[in-house]
Every structure is written in C-alpha cells, then in structure tokens.
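First the structure, in the form of structure tokens, and then the observations on it.
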Amino acid sequence: MPEHTKVMGKEWAEARREANVDRLRATLATALAGRTGITFELGCGHGHWLAAYAAAHPTEFCVGIDLITHRVERSVRKQTLGKLDNVIFLKAEATEFLEALPNQVSLAKIFILYPDPWPKKKHHKNRFISPENLDLLASRAAAETQLHFRTDNADYFGWTQEHLAAHPRWRIEPEVVWPFEQKTFFEERMKDRRDVFARLVK
Numbered sequence: 637m638p639e640h641t642k643v644m645g646k647e648w649a650e651a652r653r654e655a656n657v658d659r660l661r662a663t664l665a666t667a668l669a670g671r672t673g674i675t676f677e678l679g680c681g682h683g684h685w686l687a688a689y690a691a692a693h694p695t696e697f698c699v700g701i702d703l704i705t706h707r708v709e710r711s712v713r714k715q716t717l718g719k720l721d722n723v724i725f726l727k728a729e730a731t732e733f734l735e736a737l738p739n740q741v742s743l744a745k746i747f748i749l750y751p752d753p754w755p756k757k758k759h760h761k762n763r764f765i766s767p768e769n770l771d772l773l774a775s776r777a778a779a780e781t782q783l784h785f786r787t788d789n790a791d792y793f794g795w796t797q798e799h800l801a802a803h804p805r806w807r808i809e810p811e812v813v814w815p816f817e818q819k820t821f822f823e824e825r826m827k828d829r830r831d832v833f834a835r836l837v838k
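Going by this note's numbering, the first residue of the sequence shown is number 637, and it counts up by one from there.
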C-alpha cells in the first residue's frame with residue numbers, strides 16, 4: 637500500500653473517531669446531566685443482564701454499550717418494555733465512550749461479561765483487557781470501584797488475571813461473590829464461566 641494512502645487512511649480514521657466522540661459527548665451531556673456516578677456494562681449484548689440488573693437496583697443509573705446495532709436496538713426495547721428510567725443503552729466503542737464521558741461522571745461499578753476473547757495469538761492485540769485500557773478505566777473510575785469480569789475462555793481468564801495483577805491501579809480480590817445473576821443471551825451458549833474481580837487502588 638502506498639505511503640500516502642496509509643496516511644490518508646489514518647487521517648480518515650482519526651477524523652471518524654473524533655466525530656464519534658463528539659456525538660457521544662453531546663448525547664451523554666444530556667443523558668447524564670446531574671449525575672456523578674454510573675454502573676457501566678462494556679459490551680451489553682442484547683441487554684438481558686443490564687436491564688434485569690437495573691430493575692433490581694433502582695437507585696443506580698446504568699449505562700450499557702455495544703458496537704452491534706441490532707444488539708443495542710434489542711437492549712433499548714427491553715428498557716422500554718420494562719419502563720426502566722435508570723438505564724440507557726448506546727451504540728459506542730468503549731474507548732470512545734470513556735473519552736466522551738462527562739468529567740463529573742465516574743464509573744461506580746464496571747461489568748464486562750463474556751467479551752470476545754480473540755483466541756488466536758495474532759489477534760490478542762484486539763482484546764479489551766490491556767495495560768492501556770486498564771489505565772483508561774482507572775482514570776474514569778471512582779475510588780474503590782470494583783471491576784467484574786466474566787469469561788468462558790480459560791486463556792482470556794488467565795490473560796485478564798495477569799494484566800490486572802501487573803497493573804498498579806487494580807488489585808485482584810479473591811472469593812468475591814458475583815453481585816447479580818441473570819442468564820444472558822450469550823451465557824446460554826456457554827459451557828463454563830470464570831470470574832475475576834479487581835478493585836481500584838487509590
């Protein structure tokens with residue numbers, strides 16, 4: 637690929653990202669007006685888990701994001717049918733969402749359920765759990781925020797434990813009970829599950 641084509645492609649990607657962040661910033665400024673903390677699910681799928689969680693925790697304001705349009709649409713339908721006023725679902729890429737989050741709003745709780753494990757070694761760079769993304773989560777989290785991670789993939793489970801153990805802002809906590817159980821669309825297909833809990837270190 638010619639060098640000028642690569643440069644143009646990079647500039648286009650950066651412009652698109654900036655536009656996405658601006659759009660999200662405007663949406664969140666309205667949706668989260670007056671709020672200081674949220675319960676955040678990264679990769680909400682069809683909204684089964686977070687809609688049920690929001691119904692069971694009416695004092696918490698919940699935000700779920702996903703990259704797939706039809707998943708977000710199904711999630712929004714659950715919010716509408718359940719008449720839930722303490723949850724919203726948005727189509728958003730995680731790092732763009734976190735960049736767009738209003739400064740006064742922090743992540744009070746973080747849930748990541750069954751993220752894509754990108755099992756092939758050459759694709760590991762695409763896994764969300766990375767030093768850079770753990771930095772980003774930490775920068776937007778409140779003191780003592782707990783990160784809840786669940787996977788059915790043994791390799792990604794080990795990967796996540798290693799990255800959290802090596803990160804200076806997160807401390808793995810053993811023997812923590814998963815705070816809310818609600819079978820998800822993806823969990824119905826899973827044969828196993830492994831949980832990791834970590835708390836933000838001041």
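All C-beta atoms, glycine included, are put in the ideal place defined by N, C-alpha and C.
Bounding residues of the alpha helix (DSSP H) (the contiguous stretch that carries residue i)
i       : result
Val-712 : 705–717
Trp-754 : Taken as a continuous stretch (DSSP letters only), Trp-754 belongs to no alpha helix (DSSP H), as it is neither H nor E.
Arg-776 : 767–776
Thr-675 : Not the alpha helix (DSSP H): Thr-675 falls in the beta strand (DSSP E), residues 673–678.
Leu-686 : 684–692
Burial state of residue i (16 or more Cβ within 10 Å)
i       : result
Gly-670 : exposed
Ser-775 : exposed
Pro-804 : exposed
Pro-810 : exposed
Lys-758 : exposed
Ile-746 : buried
Gly-679 : buried
Residue i CB to nearest heavy atom of the ligand ADP below 6 Å
i       : result
Gln-797 : The ligand ADP is absent from the structure shown, which contains no ligand whatsoever.
According to DSSP, residues forming a beta bridge with residue i
i       : result
Phe-830 : Before going further, note that residue 830 is Arg rather than Phe in the sequence given. For Arg-830, which the question treats as bridged, DSSP gives the partners Thr-787.
Lys-761 : Its beta-bridge partners do not exist; DSSP assigns none.
Phe-747 : Glu-677, His-784
Asp-702 : Lys-727
Trp-806 : Leu-836
Beta carbon of residue i nearer than 7 Å to that of residue j
i       : j       : result
Leu-836 : Thr-781 : yes
Arg-707 : His-684 : no
Ala-744 : Gly-673 : yes
Ala-667 : Ile-748 : no
Ala-690 : Leu-720 : yes
Arg-763 : Asp-831 : no
Indicate whether the contact test is met: 3 or more Cβ pairs, each with one atom in the stretch 653–662 and one in the stretch 685–699, closer than 8 Å. Flag = no, the stretch 653–662 and the stretch 685–699 do not touch.
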